[in-house]
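Accompanying notes for the structure given below.
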Amino acid sequence: MADQYEVSKAGAAAIGIPSLRWEELPEGPVVVLLDQTRLPAEEAELVCTDVPALVQAIRTLAVRGAPLLGIAGAYGVALAAARGFDVDEAAESLAHARPTAVNLGYGVRRAAAAYRAAAGRGAGAGAAAAAALVEARALHAEDIEAGARMAEQGLALLGELLPGGGHRILTHCNSGALVSGGEGTAFAVVRAAHRAGELRRLWVDETRPLLQGARLTAYEAARAGMAYSVLADGAAGSLFAAGEVDAVLIGADRIAADGSVANKIGSYPLAVLARYHHVPFVVVAPTTTVDLETERGADIEVEHRPGSEVTELSLPPGQGAGAGPGAAIAVAPLGAQAYNPAFDVTPPELVTAIVTEAGVVSPVTRDGLARMCSTSRWSKSRSGNGMMAE
Numbered sequence: 264m265a266d267q268y269e270v271s272k273a274g275a276a277a278i279g280i281p282s283l284r285w286e287e288l289p290e291g292p293v294v295v296l297l298d299q300t301r302l303p304a305e306e307a308e309l310v311c312t313d314v315p316a317l318v319q320a321i322r323t324l325a326v327r328g329a330p331l332l333g334i335a336g337a338y339g340v341a342l343a344a345a346r347g348f349d350v351d352e353a354a355e356s357l358a359h360a361r362p363t364a365v366n367l368g369y370g371v372r373r374a375a376a377a378y379r380a381a382a383g384r385g386a387g388a389g390a391a392a393a394a395a396l397v398e399a400r401a402l403h404a405e406d407i408e409a410g411a412r413m414a415e416q417g418l419a420l421l422g423e424l425l426p427g428g429g430h431r432i433l434t435h436c437n438s439g440a441l442v443s444g445g446e447g448t449a450f451a452v453v454r455a456a457h458r459a460g461e462l463r464r465l466w467v468d469e470t471r472p473l474l475q476g477a478r479l480t481a482y483e484a485a486r487a488g489m490a491y492s493v494l495a496d497g498a499a500g501s502l503f504a505a506g507e508v509d510a511v512l513i514g515a516d517r518i519a520a521d522g523s524v525a526n527k528i529g530s531y532p533l534a535v536l537a538r539y540h541h542v543p544f545v546v547v548a549p550t551t552t553v554d555l556e557t558e559r560g561a562d563i564e565v566e567h568r569p570g571s572e573v574t575e576l577s578l579p580p581g582q583g584a585g586a587g588p589g590a591a592i593a594v595a596p597l598g599a600q601a602y603n604p605a606f607d608v609t610p611p612e613l614v615t616a617i618v619t620e621a622g623v624v625s626p627v628t629r630d631g632l633a634r635m636c637s638t639s640r641w642s643k644s645r646s647g648n649g650m651m652a653e
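Take 264 as the starting number for the sequence shown in the working numbering and just add one per residue.
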């Protein structure tokens, strides 16, 4: 039977196939993923029977997005336990699959802690594996709830910042149902505005590398029937100059204790443009993305990806003459070097507000972020990174 928390009803409507689900097959449990590298050309699933397959899916961005990576990490630990693999080894491998997104390590630690606690009480291997799965499902359910609350909080904030509706919102990368168990983070707010009849136009940055805005956010916007336009990242400045942007909404992969925000590369220039043009720059992320143990933005480890993602254009399987998996077209001279960080860091003074399921922090300060986290139901320590649900 499929996991009851595989995706919310709203999230299922937002994308064609659930972004992630746990499934019990006769030959054993598996983690099933929507392969996001093949969107929008094809909605195809990956079936992970072991942790190495899941780690590969994480590294290749077949599964991605901060909240979903946490869920995937938790289910990965449960998968290793259920199939009799070394849980400590699996947890170590999963936690380091991608360094910037704090949620991945958080999900891994929660499920691994549940497994170890059960084993420490003398539970058998089956019962300990079941405890890890219960924890993964709990995290999944919490994410669905958090997404709904962020949408509510974010829509209310837009109403305060931009009274009258008719919002023209610019977003970067992808932050919808493809990154979560529910409707996402920043894109969940966009969707709420659309449902309320308050979204006039969604500007979708293509987002280098891997075009996750053009491929994924546009995919979700089209399914939702939104009025949207895709633009090259370098074209954003002309939109601001023309007065065509009312607000910028982005997600986050890690938020440091001082309020610095790590998000997909290209987010920081948007914050600078927004400040110059007096446009609100809003970050939407669950409290699980807040990392109070990372003091400053400069302390966030930024993942660097292969240069080929910039110097080559990957083709979907079957497209192009004889194109198979991994086929690509060169867009730079052979041997060209590429600078390809996956993320940049925006300082807190450029962020108008951080919206979480627990509340809104504005202005963004270290004390304000800490107070919001400490008064939320996510306030218990989670072994070195941010919050944990009670």
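The beta-carbon is built from N, C-alpha and C at its ideal position, and this holds for glycine as well.
None of these values were measured; they are calculated from a predicted model.
N-terminal and C-terminal residue of the beta strand (DSSP E) that residue i is part of
i: E405; result: Taken as a continuous stretch (DSSP letters only), E405 belongs to no beta strand (DSSP E), being part of the alpha helix (DSSP H) at A388 to L424.
i: V311; result: The question names Val, but residue 311 is Cys in the sequence shown. That run of the beta strand (DSSP E) goes E308 to C311.
i: N526; result: V524 to K527
i: Y491; result: Y491 to L494
i: P292; result: G291 to L297
i: S501; result: Taken as a continuous stretch (DSSP letters only), S501 belongs to no beta strand (DSSP E), being part of the alpha helix (DSSP H) at A499 to A504.
i: L433; result: H430 to T434
i: S577; result: E575 to S577
i: D607; result: F606 to T609
i: V340; result: No beta strand (DSSP E) holds V340; the alpha helix (DSSP H) holding it covers A329 to A345.
Limits of the unbroken alpha helix (DSSP H) element including residue i
i: H457; result: A449 to R458
i: P532; result: S530 to Y539
i: L357; result: V350 to A358
i: G383; result: V365 to G383
i: D630; result: R629 to S637
Inter-residue Cα distance where the pair is residue i and residue j
i: L342; j: G560; result: 34 Å
i: D607; j: S577; result: 23 Å
i: V565; j: C636; result: 24 Å
i: T550; j: G622; result: 9 Å
i: S438; j: G445; result: 11 Å
i: A440; j: K527; result: 17 Å
i: G583; j: L296; result: Low local confidence applies: a pLDDT of 49 at G583 is under 50, so the model's placement there is unreliable, with the coordinate-based value given in what follows. Each residue's alpha carbon lies about 25 Å from the other.
i: A548; j: A605; result: 18 Å
i: L420; j: L332; result: 27 Å
i: G422; j: S571; result: 42 Å
i: P281; j: G387; result: 32 Å
i: I563; j: R301; result: 30 Å
i: V546; j: G347; result: 40 Å
i: L533; j: F503; result: 10 Å
i: D509; j: I518; result: 24 Å
i: G222; j: L474; result: No statement about residue 222 is possible, as the shown extent of the chain runs from 264 to 653 and does not include it.
i: T448; j: I617; result: 11 Å
i: I278; j: E483; result: 6 Å
i: E612; j: V542; result: 14 Å
i: T557; j: E290; result: 42 Å
i: R538; j: R431; result: 16 Å
i: A586; j: V524; result: A caution first: A586 carries a pLDDT of 47, below 50, which makes its placement in the model unreliable, though a value can still be read off. Near 38 Å, if we compare the C-alpha coordinates of V524 and A586.
i: V624; j: G368; result: 24 Å
i: G429; j: H435; result: 20 Å
i: D630; j: T615; result: 15 Å
i: M651; j: A591; result: Here the model assigns M651 a pLDDT of 35, short of 50, so the residue's position is not dependable, and the following value carries that caveat. Spanning the two alpha carbons is a distance of roughly 42 Å.
i: L433; j: D554; result: 26 Å
Whether residue i touches residue j by CB criterion (8 Å)
i: G522; j: V627; result: yes
i: A520; j: L632; result: yes
i: A354; j: A375; result: yes
i: A360; j: Y378; result: no
i: A364; j: A409; result: no
i: L283; j: I334; result: yes
i: A382; j: G417; result: no
i: V442; j: L512; result: no
i: A499; j: L462; result: no
Cβ neighbours of residue i in the same chain (closer than 8 Å, five flanking residues each side left out)
i: D349; result: A343
i: R634; result: none
i: L494; result: W466, V467, D468, E469 and L502
i: V397; result: A377
i: P472; result: I528, R568, E572, V573, N603 and A605
i: D351; result: A375
i: Q600; result: G570
Sequence-distant residues of its chain with Cβ nearer than 7 Å to residue i (five each side left out)
i: A593; result: T574 and E575
i: H457; result: A487 and M489
i: L402; result: G333, I334, A337, G370 and R373
i: V318; result: S356, L357 and A360
Close-in-space but distant-in-sequence residues of the same chain around residue i (CB under 6 Å, 5 per side omitted)
i: D298; result: A307, L309 and A325
i: A515; result: V524, N526, V546, A548 and T552
i: E620; result: A409, R412, M413 and P549
i: A399; result: A337, Y338, A341 and A374
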